[in-house]
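Visitor:
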Amino acid sequence: MIPGAEDRGIVLVCDRDGTVQRVVRDDLGLAGRVPVGSHVNDLVDPGVREKIGGFLAELQTREAAYDWEITVPVNGALQPLHFAGARLEPGYLVVAACSRHGLGHLNEELMRINNEQTNVLRSTSKELARVVEQRAERDDAVYEELSRLNNDMANLQRELAKKNAELEQLNQQKNRLLGMAAHDLRNPLGVISTYAEFLETEAATVLNEEQREFVTTIKDTSEFMLRLVTDLLDVSAIEAGQLNLDRQTADLAWLIQHNVTLNRVLAAKKDIAVEFDPPAVLPRLSFDAGKIEQVLNNLISNAVKFSHRGTRVRIRLECTKDLATVAVEDQGQGIPAADLSKLFKPFSKASVRSTAGEQSTGLGLAIARRIIEGHGGRIWVESEIGKGSTFYFTLPVTSNDLPNG
Numbered sequence: 005m006i007p008g009a010e011d012r013g014i015v016l017v018c019d020r021d022g023t024v025q026r027v028v029r030d031d032l033g034l035a036g037r038v039p040v041g042s043h044v045n046d047l048v049d050p051g052v053r054e055k056i057g058g059f060l061a062e063l064q065t066r067e068a069a070y071d072w073e074i075t076v077p078v079n080g081a082l083q084p085l086h087f088a089g090a091r092l093e094p095g096y097l098v099v100a101a102c103s104r105h106g107l108g109h110l111n112e113e114l115m116r117i118n119n120e121q122t123n124v125l126r127s128t129s130k131e132l133a134r135v136v137e138q139r140a141e142r143d144d145a146v147y148e149e150l151s152r153l154n155n156d157m158a159n160l161q162r163e164l165a166k167k168n169a170e171l172e173q174l175n176q177q178k179n180r181l182l183g184m185a186a187h188d189l190r191n192p193l194g195v196i197s198t199y200a201e202f203l204e205t206e207a208a209t210v211l212n213e214e215q216r217e218f219v220t221t222i223k224d225t226s227e228f229m230l231r232l233v234t235d236l237l238d239v240s241a242i243e244a245g246q247l248n249l250d251r252q253t254a255d256l257a258w259l260i261q262h263n264v265t266l267n268r269v270l271a272a273k274k275d276i277a278v279e280f281d282p283p284a285v286l287p288r289l290s291f292d293a294g295k296i297e298q299v300l301n302n303l304i305s306n307a308v309k310f311s312h313r314g315t316r317v318r319i320r321l322e323c324t325k326d327l328a329t330v331a332v333e334d335q336g337q338g339i340p341a342a343d344l345s346k347l348f349k350p351f352s353k354a355s356v357r358s359t360a361g362e363q364s365t366g367l368g369l370a371i372a373r374r375i376i377e378g379h380g381g382r383i384w385v386e387s388e389i390g391k392g393s394t395f396y397f398t399l400p401v402t403s404n405d406l407p408n409g
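Right, dumping it as structure tokens:
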């Protein structure tokens, strides 16, 4: 009689140490792995040797072991087999089958074949039937519990989706309110800044020293507030998914040189040299010139703010067939490693302070990151304490970009 797939197995007689004395039956073609004189450990996958050791230990202490599931290589693949065993003078009978049913079937067949082992195998069969029944009851209970947990999880997921939708709606309302408030503040702040600048330059001769200090404070504070409001407008637009890029073919080297010229006025007050040596040949890239100028101005002005008097800020531009890379290098204080991950997040600032008390909104680098990523590039920083920092960003070169000259 050819056994069914689930009834196939192997039956071994081993001594007390687990050494194979005889292969009684082998439906799985495993006898070659455990010839007479080898150890039953050789039958199983090396990764579960500890488990077969536990099985043998239970045989030695209890004289019987039931339904141990242990992985065995069968026909080149790993397959879990169900093991059972019982005391058999002068050693042990070890039975392994593809299923619990097969394990029971092998026990019953061996009882018919070998009268010497009838009592032991009958006891094993009854114990196995009891274990199988207990396992089935436990499996039913586990299934019911898993079903209940799955239903609870589905309810939680629906509730979470509902809360996420509510949060998204509230976030959109927050962005609209922020944008409206910032827009309404920008115009009066611009007026205050313009009048303060006028008083500082045109009325300087009729004001005393204390009054001039008041006017300068008003101008500097209003300019900072105006930058903050402008940055808030940018952040609210970005968070609302309204980063609209007006991409046009433009000269990146010219744009860098333009920003260098503008920032040299601020740098001159601290005796800082701002240098840029454009490459001889450069592709004309497609980008939003206004947005990239905003990024350049932020990086160059930051380099000046955090550099010591009498140092140098250097801007480099390199290009490959795929990428244009801009680097803004300073000789400032450097940024602690613990602060680097904060730099490109809104309202996050490093512990390093500007060298002349210049103010920062904490939004510029976060806005720069979203602008560069919106162009398909990336932005990052490399820094060393006491030696300075270098901020990099890339812009992709497209197949439509044409070389200068």
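Our numbering runs 4 ahead of the 1-based position in the sequence shown. Ideal Cβ placement from N, Cα and C applies to all residues, glycine included. Computed from a predicted model, the values in this text were never measured in an experiment.
For D224, which of helix, strand or coil comes out of DSSP?
Guide: Note: D224 maps to helix in three-state DSSP.
Visitor: Comparing C-alpha positions only, which one of R104, H105 and E67 sits nearest to G89?
Guide: Taking only the C-alpha atoms, the option nearest G89 is E67.
Visitor: Residues in its own chain within less than 6 Å of V135 by CB, not counting five upstream and five downstream?
Guide: Same-chain partners within the cutoff: Y70 and D71.
Visitor: Can you tell me where the beta strand (DSSP E) with V210 in it begins and where it stops?
Guide: Per DSSP, V210 belongs to no beta strand (DSSP E) and is neither H nor E.
Visitor: Quick check: what's the CA-CA separation for G51 versus I74?
Guide: Their backbone Cα atoms lie some 10 Å apart in a straight line.
Visitor: Could you give the residue range of the beta strand (DSSP E) that holds H86?
Guide: Where H86 is concerned, the enclosing beta strand (DSSP E) stretches over A81 to L92.
Visitor: Roughly how many angstroms lie between the CA atoms of D292 and L247, to the nearest whole one?
Guide: Cα to Cα, the separation comes out at about 11 Å.
Visitor: I believe A2 touches L321 by the beta-carbon criterion, under 8 Å. Please report the beta-carbon distance rounded to the nearest angstrom.
Guide: In the structure as shown, the chain starts at 5 and stops at 409, and residue 2 therefore has no counterpart that could be examined.
Visitor: From V219 to E201, what does the alpha carbon distance come to, in whole angstroms?
Guide: Near 8 Å, if we compare the C-alpha coordinates of E201 and V219.
Visitor: I need the straight-line Cα distance from S290 to V332, nearest angstrom please.
Guide: For S290 and V332, the distance between alpha carbons rounds to 21 Å.
Visitor: Closest to A372 by C-alpha separation, out of Y396, I339, S345 and V299, would be which residue?
Guide: Of the listed residues, the one whose Cα sits closest to A372 is V299.
Visitor: Looking at the structure shown, is Q138 part of a helix, part of a strand, or coil, going by DSSP?
Guide: In the structure shown, Q138 sits in a helix (DSSP, three-state: H, G or I).
Visitor: Which whole-angstrom value is the C-beta distance of I376 and F397, which I expect to be below 8 Å?
Guide: Correct: roughly 5 Å between the Cβ atoms.
Visitor: Could you check if N267 is buried or exposed, using at least 16 other CB atoms within 10 Å of its CB as the buried criterion?
Guide: Label assigned to N267: buried.
Visitor: Return yes when the Cβ of L47 is within less than 9 Å of the Cβ of L16, no when it is not.
Guide: Result yes, Cβ atoms of L16 and L47 sit closer than 9 Å.
Visitor: Specify the secondary structure class of G192 as computed by DSSP and reduced to three states.
Guide: Just to set this straight, residue 192 is Pro in the shown sequence, not Gly. It is helical.
Visitor: Examine the Cβ distances between the region 25-41 and the region 54-65 and report whether three or more of them are shorter than 8 Å.
Guide: At 8 Å Cβ cutoff, the stretches do not touch.
Visitor: Which value, in whole angstroms, describes the spacing of the CA atoms of L85 and L153?
Guide: L85 and L153: Cα-Cα distance of roughly 30 Å.
Visitor: Using the C-alpha atoms, what's the distance from Q138 back to Y147?
Guide: Going from the Cα of Y147 to the Cα of Q138 covers about 14 Å.
Visitor: Between the alpha carbons of T225 and L160, how many angstroms are there, rounded?
Guide: Each residue's Cα considered, the two are about 49 Å apart.
Visitor: Could you tell me whether the Cβ atoms of R313 and I276 are closer together than 9 Å?
Guide: Contact flag set, yes.
Visitor: Tell me, please, which residues DSSP counts as bridged to Q252.
Guide: F291.
Visitor: As a quick exercise: from R20, T265 and L193, pick the residue whose alpha carbon is nearest that of G95.
Guide: Closest by alpha carbon: R20.
Visitor: Tell me where the beta strand (DSSP E) around I383 begins and ends.
Guide: I383 to E388 is the span of the beta strand (DSSP E), which, as asked, contains I383.
Visitor: So, for H262: in the same chain, excluding its five sequence neighbours on each side, which residues have a beta-carbon less than 8 Å away from its beta-carbon?
Guide: So the list reads E297, once near-sequence residues are dropped.
Visitor: On a Cα-Cα basis, can you pick out the residue from R288, G33, Y199 and S345 that is closest to P400?
Guide: It is R288.
Visitor: Alpha carbon to alpha carbon, how far is G409 from R316?
Guide: Confidence at G409 is low in this model, with a pLDDT of 38, below 50, so its placement is unreliable and the value that follows should be read with caution. Each residue's alpha carbon lies about 30 Å from the other.
Visitor: Just grab the DSSP bridge partners of F395 for me.
Guide: Answer is V332 and V385.
Visitor: Measure from the alpha carbon of V98 to the alpha carbon of each residue in G13, V330, V385 and A165, then state which is nearest.
Guide: Of G13, V330, V385 and A165, the residue nearest in Cα terms is G13.
Visitor: Could you have a look at Q318 and say whether DSSP puts it in helix, strand or coil?
Guide: Rather than Gln, the amino acid found at residue 318 in this sequence is Arg. Strand, per DSSP.
Visitor: Taking 6 Å as the limit between beta carbons, can you name the residues of its chain near H109, skipping five residues before and five after?
Guide: Same-chain partners within the cutoff: D11.
Visitor: Please report the residue range of the beta strand (DSSP E) in which A277 lies.
Guide: Taken as a continuous stretch (DSSP letters only), the beta strand (DSSP E) holding A277 covers A277 to F280.
Visitor: Using the rule of at least 16 other Cβ atoms within 10 Å of the residue's Cβ for burial, across every protein chain shown, is V76 buried or exposed?
Guide: Its Cβ being crowded by 16 or more others within 10 Å, V76 is buried.
Visitor: Could you spell out the range, first to last residue, of the beta strand (DSSP E) harbouring Q25?
Guide: Here the beta strand (DSSP E) through Q25 covers V24 to D30.
Visitor: Identify whether L97 lies in helix, strand or coil by the three-state DSSP scheme.
Guide: If DSSP states are grouped into helix, strand and coil, L97 belongs with the strands.
Visitor: Buried or exposed for L164, going by 16 or more other Cβ atoms inside 10 Å?
Guide: It is exposed - the Cβ of L164 has fewer than 16 other Cβ atoms within 10 Å.
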